[in-house]
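Taking the working numbering, the leading residue of the sequence shown gets 99, the next gets one more, and so forth. As structure tokens, the structure follows; a few thoughts come after it.
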Amino acid sequence: MEVEICINSDDPENLRISVGAAYRGGADRIELCSAMHLEGLTPSLNRIVEARNTFPDRPGLLVMIRPRGGDFCYDNDEIDQMREQITMAADSGADGVVLAALTRDGSVDETSLRKLVTHARNQSLKTTFHRAFDATTNRSNALKCVIECGVDRILTAGVSWGKQGGAHDGIGTIKTAIAQAGSRIEIVLSGGITPGNCGRLLEQLDETPGTCSIHAYSGVRTDGHTSRGKVRRLVEIARGK
């Protein structure tokens with residue numbers, strides 16, 4: 099099982115320390131974001147290049163594509179802006195992008211999502227549908243639509259967006275999503291995952307067929323930076339060591 103570490107790009111020193119710790123700790127992927135106080139926005143070109151240099155020979159640099167905070171409903175100008183950000187990510191050495199688009203009624207905005215995914219694929223980028231999935235009103239329909247749009251992964255905590263709780267609280271919903279997805283798309287578990295609770299979480303998935311991975315942020319940080327030791331331990335648990 100692969101491990102993905104979220105990194106806040108706002109401070110260049112923290113970026114170098116945290117990406118380096120994730121790399122040396124054995125993380126398979128990093129998700130690079132800015133403005134984590136807004137739940138993650140698109141980082142700058144310079145920060146993406148810095149992350150690529152610090153995470154050099156591993157095909158797991160994912161870049162958040164989110165032009166603003168707030169909801170996930172974007173107009174045509176914002177979709178064009180996201181396409182430009184995808185191009186910037188590709189030109190800066192990213193391996194994938196993390197994005198989403200919803201309609202006002204809480205459904206997946208299929209038209210916009212297809213545009214974004216097609217644009218990313220044309221630049222050989224993998225795609226992850228981020229936790230806007232947890233803001234949809236019908237997860238089963240949303241999952242089907244995301245798969246049909248050609249997305250590679252879905253990030254979810256299994257709890258409704260904006261509500262308290264993480265993957266342990268939403269484990270029932272996560273198991274349903276993994277079972278529905280099967281081998282068609284990877285489900286990335288997120289929300290409060292730490293080296294201390296990851297093992298118990300994975301034990302509950304033993305009988306669930308499908309493809310999944312682990313995403314962590316605050317659970318592998320110490321004193322504001324990503325901890326190499328915590329990442330290493332999380333990787334070992336995910337690998338069953």
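All residues carry an ideal CB built from backbone N, CA and C; glycine is no exception. Because the structure is a prediction, the values reported are computed rather than measured.
Rounded to the nearest whole angstrom, the CA to CA distance from Ile276 to Glu284 is 8 angstroms.
The residues Cys131, Met162, Arg164, in chain order, have a CB closer than 7 angstroms to that of Gly138 in the same chain once the five nearest residues on each side in sequence are set aside.
In this structure, the beta-carbon distance from Val333 to Gly158 does not fall below 8 angstroms.
Beyond the five residues adjoining it in sequence on each side, Lys273 comes within less than 8 angstroms, by CB distance, of Gln302, Leu303, Thr306 in the same chain, given in chain order. One Cα belongs to Cys171, the other to Trp259, and the distance between them is close to 14 angstroms.
Beyond the five residues adjoining it in sequence on each side, Gly297 comes within less than 8 angstroms, by CB distance, of Ile335 in the same chain, given in chain order. As the crow flies, the alpha-carbon of His266 is around 6 angstroms from that of Leu299.
Between Leu253 and His313, the gap from beta carbon to beta carbon is short of 8 angstroms. Shown here, Ser132 sits in a strand according to DSSP, grouped into three states.
A direct Cα-to-Cα measurement between Gly168 and Leu136 gives close to 8 angstroms.
The continuous alpha helix (DSSP H) containing Met186 extends over residues 174–189.
Our two residues, Ala218 and Phe153, have alpha carbons roughly 21 angstroms apart in a direct line. As for any alpha helix (DSSP H) of minimum length 4 sitting wholly inside the region 256–327, the runs are 269–279, 296–301, ordered along the chain.
Sorting Ser205, Arg150, Arg212, Arg156 by C-alpha distance to the C-alpha of Met180 places Arg212 at the top.
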